[in-house]
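In what follows, a structure is listed as structure tokens, so that the remarks can point back to it.
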Amino acid sequence: MSSLVECFSIIRDPRQESKIDHELIDILILCVLAVICGAEGWQDIEEVGHARLNWLQERGFFKKGIPVDDTIARIVSSLNPEELQSCFIKWMAAVEEATDGKIIAVDGKTLRHSYDKKKRKSAIHMVSAYAAENGVVLGQKKTDDKSNEITAIPALLDLLDIKGCIVTIDAMGCQEKIAEKIVNKEADYVLAVKDNQKQLHEEIIDFFETSRRFEFKNVRYDYFEEAHKGHGRVELRRYWISDMLDTISNPGRWASLQGIGMVESERYIDGKTTSETRYFIVSIAPDAKIFANAVRKHWAVENQLHWVLDVSFREDDSRVRRDNASENFGVFRHVAVNALRNEKSCKKGIKAKRYKATLQSDYAQKVLNGIF
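Its first residue numbered 1, the sequence shown is counted upward by one per residue in the UniProt record's numbering.
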């Protein structure tokens, strides 16, 4: 099941059969096409449908024409988001093969304008998994708020094939059960450590500070450093990793724990220097280059993919919030991101590709060919 149409075709339609004028698969394909072409809401989706009606009907969709925006909104909002997300994950599993050593970054993001003051609904928080090498989304899970990432992450991991991969998560995911879940699925982890694991955090800090004070004498460790320059900015990163686990309390509580790590970042911008130090626990071999690759790619996802969703898709400004609409619309955005990244003939960024798809039907078709 590698075609998105095939995956979406198994979604249950909640409408009464006698009242169906437009097939559910038609609505879903229109939503994906419209979001690729720059749509940000229901009226936009309807307009894209009218503009591309001939193209859609040539492929067997919308024999009765395009429905009005309120109909589209009502249908999409009524869909079970778990079911839609499951279909998306199955599609991605078919087209994005898991390989040994591949980095899967798990990270959370709040859709700031998804709150509904009248209905007293707080903003939606989504936990997503990304294939870091090519920046595509593998799956997502909704939580009521950021604090519930702890339960959402294992549920998301249950849906994914992560065998042989390295899963990276920020400090919220530094939990014994999450580490165990990753290992049970035959993957490795690189987990950031902060004050939510206060004793562990302090012990790792103490180990590296003491080791540096004595120039790492009699300490088993590996080291790597790298520099990045560009746009008037220089960044130096230093990575240390050690397998001396007797320096922390009860290391056995962390499944397959192999090492502890420290990363120092120094940034030089416009004559000003800022620095940051982060700490980690890992189940990978204590190899500083492998450690550096995992940490670097997780940061890239935080910075690049969230930036794409915020700037190119204006996700944070979206007021789509009716029933399940926010979560389901998020799936359409992720399909669009993946399809646009997969289209290689245009060498420009996602925002430019969306604009090109809006103006040129042939290019929009080229993007869609990669997922249909």
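In this text, a Cβ means the ideal position worked out from N, Cα and C, and glycines have one as well.
Endpoints, beta strand (DSSP E) assigned at residue i
| i | result |
| --- | --- |
| residue 252 | Segment: none, residue 252 is in no beta strand (DSSP E) and carries neither H nor E. |
| residue 138 | 136 to 143 |
| residue 131 | 124 to 131 |
| residue 389 | Nothing can be reported for residue 389, as the shown portion of the chain is limited to 1 through 372. |
| residue 238 | 233 to 242 |
| residue 167 | 166 to 169 |
| residue 269 | 259 to 269 |
Where residue i falls, given that 16 or more other Cβ within 10 Å makes a residue buried
| i | result |
| --- | --- |
| residue 1 | Caution is warranted here: a pLDDT of 40 is assigned to residue 1, below 50, making its placement in the model unreliable, and no coordinate value can be reported. |
| residue 301 | buried |
| residue 223 | exposed |
| residue 199 | exposed |
| residue 232 | exposed |
| residue 65 | exposed |
| residue 225 | exposed |
| residue 88 | buried |
| residue 285 | exposed |
| residue 275 | exposed |
| residue 52 | buried |
| residue 10 | exposed |
| residue 14 | exposed |
| residue 4 | buried |
| residue 360 | exposed |
| residue 270 | exposed |
| residue 349 | exposed |
| residue 158 | exposed |
| residue 125 | buried |
| residue 17 | exposed |
| residue 234 | exposed |
| residue 357 | buried |
| residue 288 | buried |
| residue 364 | buried |
| residue 68 | exposed |
Run of the alpha helix (DSSP H) containing residue i, from where it starts to where it stops
| i | result |
| --- | --- |
| residue 25 | 24 to 36 |
| residue 222 | It is not in any alpha helix (DSSP H) - residue 222 instead sits in the beta strand (DSSP E) that spans 222 to 230. |
| residue 58 | 53 to 58 |
| residue 95 | 81 to 95 |
| residue 213 | 198 to 213 |
| residue 186 | Segment: none, residue 186 is in no alpha helix (DSSP H) and carries neither H nor E. |
| residue 289 | 288 to 300 |
| residue 150 | 149 to 159 |
| residue 437 | Past the boundaries of the shown model lies residue 437; the chain is included only from 1 to 372, so the question cannot be answered. |
| residue 7 | 4 to 8 |
| residue 428 | With the chain covering 1 to 372 only, the question about residue 428 has no answer from this structure. |
Proximity below 9 Å, CB of residue i to CB of residue j
| i | j | result |
| --- | --- | --- |
| residue 279 | residue 201 | yes |
| residue 77 | residue 325 | yes |
| residue 215 | residue 237 | no |
| residue 194 | residue 179 | no |
| residue 176 | residue 253 | yes |
| residue 29 | residue 340 | no |
| residue 183 | residue 255 | yes |
| residue 248 | residue 174 | no |
| residue 342 | residue 308 | no |
| residue 331 | residue 136 | no |
| residue 103 | residue 131 | yes |
| residue 371 | residue 32 | yes |
| residue 62 | residue 26 | yes |
| residue 207 | residue 260 | yes |
| residue 12 | residue 83 | yes |
| residue 72 | residue 46 | yes |
| residue 70 | residue 91 | no |
| residue 34 | residue 44 | yes |
- Message: For the pair the stretch 155 to 163 and the stretch 241 to 249, tell me if three or more CB-CB distances fall below 8 Å.
- Response: no
- Query: With contact counted as at least three CB pairs below 8 Å, one residue from each stretch, are the stretch 187 to 200 and the stretch 283 to 294 in contact?
  - Reply: yes
- Fully enclosed by the stretch 322 to 360, which alpha helix (DSSP H) runs are 4 residues long or longer? 325 to 342 and 350 to 359
- Mind the definition here: the stretch 345 to 357 touches the stretch 101 to 112 only if three or more C-beta pairs lie below 8 Å; say whether that holds. no
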